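Q: Residue 638 is where the sequence shown starts when you use my numbering, and the numbers rise one by one after that. Every residue, glycine too, gets a C-beta built ideally from N, C-alpha and C. A quick note: this is a predicted structure, and the numbers were derived from the prediction, not measured. The following block contains the structure, expressed as structure tokens.
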Amino acid sequence: MTKLHSHSDVETAIRYHRAVARFATGEELAAFFHPDAQHRELPNALFPDGVDRDVAGLDEAAQAGRQRIREQTFEVINAVAEEGQVALEVRWSGTLAVPLGKLPAGYVLRAHIATFLEFRDGKIAAQRNYDCYERLPQP
């Protein structure tokens, strides 16, 4: 990971991404979020219509991810924090545990992600993700 400016919200954001990389669910995952938090994943190759989730929906997605992805990494490249907001530039890779469409188990997905987090009371109150997946093989 690149050396990042020290800020409590940035440190929380990095701990959160490390927990997600470990497939955290339940209370471990919920501990990062304000109870009424909202997550918005903008349209991308895997979610063409985008998706909105509350904390329970994030937990469901994390549990489903455990079944689909064998391992994953998040590398935070850059972080900026200002007045309760954090912007992260992240490189993600995930190895498929099971086939996904025509992609075989073992295939490594890669994405370049911009994540914008809004904090309230030291917890994530809102998250917006812009996930740019590297080109997938054509059938």
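#1: Is R728 helix, strand or coil by DSSP?
#2: Taking contact to mean 3 or more Cβ pairs, one atom from each stretch, closer than 8 Å, check whether the region 662 to 672 and the region 688 to 697 are in contact.
#3: Any idea which residues DSSP pairs Y767 with across the strands?
#4: Which residues does DSSP pair with V745 in a beta bridge?
#5: Within its chain, find whatever has a CB closer than 6 Å to the CB of D689; leave out the 5 residues flanking it on each side and keep chain order.
#6: Along the alpha helix (DSSP H) that carries Q704, what are the first and last residues, could you check?
A: A quick look at the data gives this:
#1: In the structure shown, R728 sits in a strand (DSSP, three-state: E or B).
#2: The region 688 to 697 and the region 662 to 672 touch, with three or more beta-carbon pairs separated by less than 8 Å.
#3: Looking at the DSSP assignment, Y767 forms a beta bridge with A751.
#4: Paired residue(s): T732.
#5: Same-chain partners within the cutoff: R677.
#6: Here the alpha helix (DSSP H) through Q704 covers 692 to 705.
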